[in-house]
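Participant: Handing you this structure, nothing more for now.
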Amino acid sequence: MEELLSYILSVQTLVLVLVVVLLKTSIKFVPQNQAYVIERFGKYQSTKEAGLNFILPFIDRISADRSLKEQAVDVPEQSAITKDNISLHVDGVLYFRVLDPYKATYGVDDYVFAVTQLAQTTMRSELGKMELDKTFEERDVLNTNIVASINDAAGPWGIQVLRYEIKDIVPPQSVMEAMEAQMKAERVKRAQILESEGDRQAAINRAEGEKASVVLAAEADKEEQVLRAEGEAKAIVAVASAQAEALRQVGEAAATEEGQKAIQLDLASKAIEAKRAIAKESSVVLLPDGATEPSAVVAQAMTIIQQMTKGS
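For what it's worth, UniProt numbering labels the leading residue of the sequence shown as 1, then goes sequentially.
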């Protein structure tokens, strides 16, 4: 009886262990951003995604565990020849992720190795289409072309290349020395251009300053001449007005008897002065008879004044 009871307990224990083993082998917890490729009797059966999944024990098995996260792979340094026959050493970093675990498992043996080799060959091909200067100036274009070419070829592998970044482009030492000499010459050229531009601008500024100075001086001289002319014109007008006023007053005075006498007296004085001036010029002066009379003197003075006026 005890032996039977012991046998039953051992059988139950064995069954319990078997159930636990079966449950453990049939229940699969797939982590986030991962996928299990399941095979049944060596043939693809299904792809288990993140979460709780069940498989048949001893019949189904996990053929591959694929990560769906973005992966970064170093592309080893390699040599490439540019369009102008310059040998370069280039390395980079490739970023990709698995889109289809089935294709990544059955479409290629090692998708990481395959996509790395494809990146190297594509990079050599793209560099062969560009000249050396363009490889430094157009890295973004080069990276974009490499990504597009890899995605076209990696489609059957279930791989999507997100981006490719070139880390270093190392030309030969002789080319680097030539590039340094070219850069130095460019810097010297830019410095000379800047210096000449500065001299040119300074000369322009000086010329514009001199021009402005001449213009201002001319305008000042013009203003001075205008003001002087206006002053002279006003002076002439004032003198003419004064003379006209004097003549008017003389005319008004001459219309009277006292004015006539004053005029005769003035004419007599001028006649005497005229005779005196003639006497200075000549040693002989002829006077007609009756020259001592005032009327004659005035008449003679008026005649002499008329002659002197005509002579002058």
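Think of the CB as a built atom: it goes at the ideal place given N, C-alpha and C, for glycine as much as any other residue. From a predicted model like this one, the values you see are computed outputs, not experimental measurements.
Could you tell me whether the segment 147 to 156 touches the segment 105 to 120, using the rule of 3 or more Cβ pairs below 8 Å?
Facilitator: Judged by Cβ distances under 8 Å, the segment 147 to 156 makes contact with the segment 105 to 120, as three or more pairs qualify.
Participant: Could you have a look at Leu52 and say whether DSSP puts it in helix, strand or coil?
Facilitator: Position 52 of the sequence shown, counted from the start, is the residue given in the question as residue 52. Residue state, collapsed to three classes: strand.
Participant: Throw me the rounded Cβ distance for the Asp91 and Lys167 pair, which I believe falls under 8 Å.
Facilitator: As a position in the sequence shown, residue 91 is number 91, starting the count at 1. As a position in the sequence shown, residue 167 is number 167, starting the count at 1. Confirmed, Cβ separation roughly 5 Å.
Participant: How many angstroms separate the CA atom of Ser6 from the CA atom of Leu16?
Facilitator: The sequence position of residue 6 within the sequence shown is 6, counting from 1. The sequence position of residue 16 within the sequence shown is 16, counting from 1. One C-alpha to the other measures close to 15 Å.
Participant: Kindly list the residues whose CB is nearer than 7 Å to the CB of Ile55, restricted to its own chain and excluding five residues on each side of it in sequence; keep chain order.
Facilitator: Your numbering for residue 55 matches position 55 in the sequence shown. So the list reads Ser26, Lys28 and Ile38, once near-sequence residues are dropped.
Participant: Tell me whether Ala209 is buried or exposed, calling it buried when 16 or more other Cβ atoms sit within 10 Å of its Cβ.
Facilitator: Reading the sequence shown from its first residue, position 209 is the one you call residue 209. The sequence shown places Gly at residue 209, not Ala. The residue in question, Gly209, is exposed, as its Cβ has fewer than 16 Cβ neighbours within 10 Å.
Participant: By Cβ distance, which residues of its chain are closer than 7 Å to Glu49, with the 5 residues on each side in sequence left out?
Facilitator: In the sequence shown, residue 49 corresponds to position 49, counting from 1. Around Glu49: Val30 and Ala35.
Participant: Counting along the chain, where does the beta strand (DSSP E) carrying Gln34 start and finish?
Facilitator: Translated into positions along the sequence shown, residue 34 becomes position 34. Gln34 -> beta strand (DSSP E) spans Gln34 to Arg40.
Participant: Looking at Ile169: is its Cβ nearer than 7 Å to the Cβ of Thr135?
Facilitator: Stepping through the sequence shown from its first residue, residue 169 is reached at position 169. Stepping through the sequence shown from its first residue, residue 135 is reached at position 135. A contact, by the Cβ cut-off of 7 Å.
Participant: Per DSSP, what kind of secondary structure is Ile59 in: helix, strand or coil?
Facilitator: By one-based count along the sequence shown, residue 59 stands at place 59. Here Ile59 sits in coil by DSSP.
Participant: Helix, strand or coil: which one does DSSP assign to Ile86?
Facilitator: Residue numbering aside, residue 86 sits at position 86 when the sequence shown is read from its first letter. Three-state result, Ile86: coil.
Participant: Excluding five sequence neighbours on each side, which residues of the same chain lie with their C-beta closer than 8 Å to the C-beta of Glu70?
Facilitator: Here residue 70 is taken as the residue at index 70 of the sequence shown, counted from 1. Result list for Glu70: Tyr95, Phe96, Arg97 and Leu162, in chain order.
Participant: By alpha-carbon positions, which one of Arg124, Thr256, Val250 and Glu177 ends up nearest to Asn85?
Facilitator: The residue you call residue 85 lines up with position 85 of the sequence shown. It is Arg124 whose Cα lies nearest to the Cα of Asn85.
Participant: State the Cα-Cα distance for the pair Ser87 and Val73, rounded to the nearest angstrom.
Facilitator: The residue labelled residue 87 in the question sits at position 87 within the sequence shown. The residue labelled residue 73 in the question sits at position 73 within the sequence shown. Ser87 and Val73: Cα-Cα distance of roughly 24 Å.
Participant: Whole angstroms are fine: how far does the CA of Ser79 sit from the CA of Glu180?
Facilitator: Numbered from its first residue, the sequence shown carries residue 180 at position 180. Numbered from its first residue, the sequence shown carries residue 79 at position 79. For Glu180 and Ser79, the distance between alpha carbons rounds to 22 Å.
Participant: Mind checking whether Ala119 and Val75 have CB atoms under 7 Å apart?
Facilitator: Walking along the sequence shown from the start, residue 119 turns up at place 119. Walking along the sequence shown from the start, residue 75 turns up at place 75. Result yes, Cβ atoms of Ala119 and Val75 sit closer than 7 Å.
Participant: Quick one: Cα of Asp266 to Cα of Gln225, how far?
Facilitator: Numbered from its first residue, the sequence shown carries residue 266 at position 266. Numbered from its first residue, the sequence shown carries residue 225 at position 225. Asp266 and Gln225: Cα-Cα distance of roughly 42 Å.
Participant: Taking C-alpha atoms, which residue in Gly42, Leu18 and Lys83 lies nearest to Ser63?
Facilitator: For this step, residue 63 is matched to residue 63 along the sequence shown. With distances taken between Cα atoms, Ser63 lies closest to Gly42.
Participant: Pro101 and Arg139: beta carbons closer than 7 Å?
Facilitator: As a first step, residue 101 must be located in the sequence shown, where it is residue number 101. As a first step, residue 139 must be located in the sequence shown, where it is residue number 139. Their beta carbons are not under 7 Å apart, which means Pro101 does not touch Arg139 by this criterion.
Participant: Quick check on Asp289: does DSSP put it in helix, strand or coil?
Facilitator: By 1-based counting over the sequence shown, the position of residue 289 is 289. In this prediction, Asp289 has a pLDDT of 49, which is less than 50 and means its spatial position is unreliable; nothing more can be read from the coordinates.
Participant: Can you check which of these residues, Ser174, Glu177, Met176 and Val147, is closest to Tyr164 by C-alpha distance?
Facilitator: As a first step, residue 164 is located in the sequence shown; it is residue number 164 there, counting from the start. The option with the nearest alpha carbon to Tyr164 is Val147.
Participant: Please go through the same chain and pick out, in chain order, the residues whose beta-carbon is closer than 7 Å to the beta-carbon of Leu18, but skip the five residues on each side of it.
Facilitator: The residue given as residue 18 occupies position 18 in the sequence shown. Answer for Leu18: no residue qualifies.
Participant: Please classify Leu14 as buried or exposed, where buried requires at least 16 other C-beta atoms within 10 Å of its C-beta.
Facilitator: Here residue 14 is taken as the residue at index 14 of the sequence shown, counted from 1. Exposed, since its Cβ has fewer than 16 Cβ neighbours within 10 Å.
Participant: Measuring only the C-alpha atoms, how far is Ala217 from Ser196?
Facilitator: Counted from its first residue, the sequence shown places residue 217 at position 217. Counted from its first residue, the sequence shown places residue 196 at position 196. Computed Cα separation, rounded: 31 Å.
Participant: Give me the DSSP bridge partner(s) of Phe29.
Facilitator: Here the question's residue 29 lines up with position 29 in the sequence shown. Answer is Leu52, bridged to Phe29.
Participant: Have a look at the DSSP bridge pairing and note the partners of Lys222.
Facilitator: The sequence position of residue 222 within the sequence shown is 222, counting from 1. Answer by DSSP bridge pairing: none, since Lys222 is not bridged.
Participant: Going along the chain, which residues of its own chain have a beta-carbon closer than 6 Å to the beta-carbon of Asp289, five neighbours each way excluded?
Facilitator: What you label residue 289 is simply residue 289 of the sequence shown in a count that begins at 1. In this prediction, Asp289 scores a pLDDT of 49, lower than 50, which makes its location untrustworthy; the coordinate-derived value is nonetheless stated afterwards. Closer than 6 Å at Cβ, skipping near neighbours: no residue.
Participant: Work out the CA separation of Arg228 and Val215 for me, nearest whole Å.
Facilitator: By 1-based counting over the sequence shown, the position of residue 215 is 215. By 1-based counting over the sequence shown, the position of residue 228 is 228. For Val215 and Arg228, the distance between alpha carbons rounds to 20 Å.
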